[in-house]
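Notes follow once the structure below has been shown.
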C-alpha cells in the first residue's frame, strides 16, 4: 500500500491529516422520541401541531367577555349573572363567546349563578393563544443537535413521535497482547488484566458512539491483520490498543502499512507519542499505545474528533482555569507535555502541583484534577492555564494533604467526603517535605509521622514557619516494624540482618533517615511512594524486606515483626481549623467506620482521635 507518513506532527495537525483522509457517511434511522436522549438529529424537525391547540386559560378564575365587565370599580362593583361567566381552571379551553379570564382572587362569589368583580377585564388577558408555545410548522430542533431532556418534551408537544437521527458510529476496539487476559480472569504467571478496552468502551458511549470490544488478539501479525481487516469492513472506526510503538512485539504499524495507508506514526506529545493513524478500506484506524495514560489521552485526541465530525458537531472545549504552580515543571523540549496535576484553593488562591511520578499510572489518572499542557519548563510560582478533569466547584471544596503516608488516611478521607462533601487530595512525601509544603502555603494540612515528643515537633515547625498560628490535630498511633514475605530467609539471614548486601530493602519516605547514604546502597534500596506499594513490592519479590506497618503487611499477606510505635497527626493553621476544616475532620476521625477499619487491619490506636494535641503558644481551641 502507498504510505506517506508524517513523523511526529502536533496533535491538531495530526487530527487535520486524519479527517482530511476519510469520508464519514452516517446513515439515518428513526427512533422513538422517548428513546432519543443524547441522539443527534439528522435533519431539522418541524412541529406537526400547535401548542396549546386552542385558546387556554392561563389562570384559575372566570372566563368572561371583556365587554360585559366594563364599568366595574372598587366603589361600584359589577355583578355578572348566568351565562355572562364560566368558572375555569388553568389550561382549560376558553369558551368561544369569551375572550378574557379574571383571576379567582379578584372574584367575589355571591352564589352559584352570580359573581361580583371590582375591575374590568382586558381582552385576551390571562389567555394563552393557540400556538403561543409552539406553532404548527415551526422548527423545533435544528439538524445536528444532541437531544436533551427538555428537547424530548418539545418534540412530543409538537406532535412528533419519531425523530430522524444519525446512526451512531460503530467502533471496533481490538485489544492486543499475548500476555493480556480478561480482567475477571484469575491471573497466572506473567499475565496482565486487559482493562483499557473497558475504559475505551465507556468513553466511546459517553461521546455518542456504539463500541464493540473484540476478543484479545495475540502478538501475531497474521492474527492482527485478520482482526483489523474484518473490523474495517463492518465498522465505521477501528481502534487497536497496544502494539503501536517500536518494540519487538509492536506489530501495529507494520500491519497497517500492509493493509492500507498509514498517515501518521508518532505525535509530538508526551505521553501519547506512539500513535498510528491509518486508513484501511476507507475506514479510519487508530493504533493507540497500551500504557493507560497515553491510551486514554490519545483516545480523546483522535477518536473524539472523528465522532464529532461524524455528527458534524464541534468539540466542546474542556473547562480551563488559571492556577499557581507550587513546584517547578521540568520537561524535555521538542514535544508538548501533558502533566497530570492536583489542585485546590489554599489561602484564597487556586494552587496546583504535578502528581508524583511514583504514583501508579492508572490510579493517578483518577486522582489527578486535570492537565498542564506545556512544551517548555515552568518555574514554581508561575500562573498557568490548567485544563480541568473535575469541575471547578469540586476543586473549590477540595483539601490538599501532603506528608507521611498511611492507608487509614484514605478511609478517613472517604468518611469526610460522605459527611461533609469535602474531598481530600493526598500526596505522600517525607515529614520534612510535608511541613515545608504546609509552611509555604502549598497545602491545607501536613501529615506528620513523629515520636510524640512535644519539643521535637515544635522545633521542626518553628524552623519552617516561625509563627504561633498552628495546631496539631491528633490522628492515631500505629505500629511500625519489619514487613517480610512468609518464611523469608536469604543466606541464613532474616530481618535481624536487613542490611545484608544481597538483600533489597524497600522503604517509604518517612522520618527514619533511610535514604541511601552511599552510592552502593542505592543498588539495594528501593524507594516507593506508599506503604501499600512497598508491601506489594515485597509480596511480588521485587524487594526482600522493609519497614512498614502492620496494616500494610496484613493487606499484602506479609509477615510483620513489630519494632516501635509512632504517631501520625495532622498539622494545620488555627484559622483553617476554626473556619473550614476542624469540625468536619474531627467528626470523620471519630466515626465508627474509621475505628472499625483500624480494628480490622490491626496495629492502630485511636484513643482521643480528633483532639488537639499541640498548638502554637497563646491559643486554646475556641478561644483565640
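In our numbering, the protein residues as written are 1106 to 1729.
Cβ coordinates follow ideal geometry from the N, Cα and C atoms, glycine included.
A quick note: this is a predicted structure, and the numbers were derived from the prediction, not measured.
Out of 1225, 1144, 1214 and 1136, state which residue places its alpha-carbon closest to the alpha-carbon of residue 1170.
Stepping through the chain shown from its first residue, residue 1170 is reached at position 65. Closest by alpha carbon: 1225.
Looking only at its chain, what residues have a beta carbon closer than 8 Å to the beta carbon of residue 1153, apart from the 5 residues adjacent to it on each side?
Within the chain shown, the letter at position 48 stands for residue 1153. Excluding sequence neighbours, residue 1153 sits near 1241, 1263, 1264 and 1265.
Could you tell me which residues DSSP pairs with residue 1271 in its beta bridges?
For this step, residue 1271 is matched to residue 166 along the chain shown. Its beta-bridge partners are 1133.
In the structure shown, what three-state DSSP assignment does residue 1441 receive?
What you label residue 1441 is simply residue 336 of the chain shown in a count that begins at 1. Strand, per DSSP.
Residue range of the unbroken beta strand (DSSP E) whose run includes residue 1553
Mapped onto the chain shown, residue 1553 falls at position 448. Residue 1553 -> beta strand (DSSP E) spans 1550-1555.
Collapsed DSSP secondary structure at residue 1229 in the structure displayed
Numbered from its first residue, the chain shown carries residue 1229 at position 124. Coil at residue 1229, not helix or strand.
To the nearest angstrom, report how far apart residue 1403 and residue 1589 are at their CA atoms.
Within the chain shown, the letter at position 298 stands for residue 1403. Within the chain shown, the letter at position 484 stands for residue 1589. Taking the straight line from one Cα to the other gives about 40 Å.
Return yes when the Cβ of residue 1674 is within less than 8 Å of the Cβ of residue 1580, no when it is not.
By 1-based counting over the chain shown, the position of residue 1580 is 475. By 1-based counting over the chain shown, the position of residue 1674 is 569. Contact: yes.
Complete runs of the alpha helix (DSSP H) confined to the region 1409-1459 [at least 4 residues]:
1409-1415
What is the DSSP secondary structure of residue 1582, counted as helix, strand or coil?
Within the chain shown, numbered from 1, the residue matching residue 1582 stands at position 477. In this structure, residue 1582 counts as strand in the three-state DSSP scheme.
Taking Cβ positions, are residue 1053 and residue 1287 nearer each other than 8 Å?
What is shown of the chain runs 1106 to 1729, which leaves residue 1053 out entirely.
Restricting to Cα atoms, I'd like to know which of 1432, 1199 and 1693 is closest to residue 1072.
Residue coverage of the chain in this structure runs from 1106 to 1729, which leaves residue 1072 outside it and unanswerable.
What residue range does the alpha helix (DSSP H) around residue 1333 cover?
What you label residue 1333 is simply residue 228 of the chain shown in a count that begins at 1. Start and end: 1326-1339.
In the structure shown, what three-state DSSP assignment does residue 1242 receive?
Looking up residue 1242 in the chain shown gives position 137. Looking at residue 1242 - three-state DSSP - the assignment turns out to be coil, as it is neither helix nor strand.
By Cβ distance, which residues of its chain are closer than 6 Å to residue 1115, with the 5 residues on each side in sequence left out?
Your numbering for residue 1115 matches position 10 in the chain shown. Here the set comprises 1373.
By the DSSP assignment, the alpha helix (DSSP H) with residue 1254 in it spans what residues?
Mapped onto the chain shown, residue 1254 falls at position 149. Segment 1254-1262, the alpha helix (DSSP H) holding residue 1254.
Which runs of the alpha helix (DSSP H) at least 4 residues long sit entirely within the region 1496-1557? Give them in chain order.
1497-1501, 1512-1525 and 1536-1544
Go to residue 1397, then tell me how far its beta strand (DSSP E) extends in each direction, as first and last residue.
In the chain shown, residue 1397 corresponds to position 292, counting from 1. Not the beta strand (DSSP E): residue 1397 falls in the alpha helix (DSSP H), residues 1397-1403.
With 16 other CB atoms within 10 Å as the buried threshold, where does residue 1471 fall?
Taking the chain shown and counting its residues from 1, the one referred to as residue 1471 is at position 366. Counting Cβ neighbours within 10 Å, residue 1471 comes out exposed, since fewer than 16 surround it.
Using only the alpha-carbon positions, how far apart do residue 1382 and residue 1370 sit?
Translated into positions along the chain shown, residue 1382 becomes position 277. Translated into positions along the chain shown, residue 1370 becomes position 265. If you take the alpha carbons of residue 1382 and residue 1370, they lie about 7 Å apart.
Return the bridge partner residues of residue 1216 from the DSSP annotation.
For the purposes of this step, residue 1216 is identified with residue 111 of the chain shown, where counting begins at 1. In DSSP, residue 1216 forms a bridge with 1219.
Can you determine whether any heavy atom of the ligand NAD sits closer than 7 Å to the C-beta of residue 1714, and answer yes or no?
Questions concerning the ligand NAD fall outside what the structure shown contains, since it holds no ligand whatsoever.
Got a sec, what are the start and stop residues for the beta strand (DSSP E) residue 1121 sits in?
Here residue 1121 corresponds to residue number 16 of the chain shown, with the count starting at 1. Note, residue 1121: premise wrong, no beta strand (DSSP E); alpha helix (DSSP H) at 1116-1126.
Using a Cβ-Cβ cutoff of less than 8 Å, which residues in the same chain neighbour residue 1436 once the five nearest sequence positions on both sides are dropped?
Within the chain shown, residue 1436 is the residue found at index 331, counting from 1. These residues qualify, in order along the chain: 1375, 1442, 1444, 1479, 1480, 1481 and 1482.
Would you be able to state if there are at least three C-beta pairs under 8 Å between the region 1232-1249 and the region 1161-1178?
yes
Determine contact between the region 1267-1274 and the region 1358-1366, defined as no fewer than three beta-carbon pairs at a distance below 8 Å.
no
Own chain partners of residue 1709 with C-beta closer than 6 Å, once the 5 adjacent residues on each side are dropped:
Residue numbering aside, residue 1709 sits at position 604 when the chain shown is read from its first letter. Once the five neighbours on either side are set aside, the close Cβ partners of residue 1709 are 1581, 1583 and 1703.
Which complete beta strand (DSSP E) runs does the region 1280-1323 hold, if anything under 3 residues is left out?
1315-1318
Would you please state the rounded distance, in angstroms, between the beta carbons of residue 1255 and residue 1203? I believe it to be under 8 Å.
If you number the chain shown from 1, residue 1255 lands on position 150. If you number the chain shown from 1, residue 1203 lands on position 98. Residue 1255 to residue 1203, Cβ: 32 Å. No contact.
How far does the beta strand (DSSP E) with residue 1632 in it extend, from its first residue to its last?
For the purposes of this step, residue 1632 is taken as residue 527 along the chain shown, with counting starting at 1. Taken as a continuous stretch (DSSP letters only), the beta strand (DSSP E) holding residue 1632 covers 1630-1633.
Return the first residue and the last residue of the beta strand (DSSP E) that residue 1189 is part of.
Taking the chain shown and counting its residues from 1, the one referred to as residue 1189 is at position 84. Run containing residue 1189: none; DSSP gives neither H nor E here.
Along the chain, where does the beta strand (DSSP E) containing residue 1369 start, and where does it finish?
As a first step, residue 1369 is located in the chain shown; it is residue number 264 there, counting from the start. Taken as a continuous stretch (DSSP letters only), the beta strand (DSSP E) holding residue 1369 covers 1366-1370.
Which runs of the alpha helix (DSSP H) fall wholly inside the region 1628-1705 and span at least 4 residues, in chain order?
1636-1644, 1655-1661 and 1687-1694
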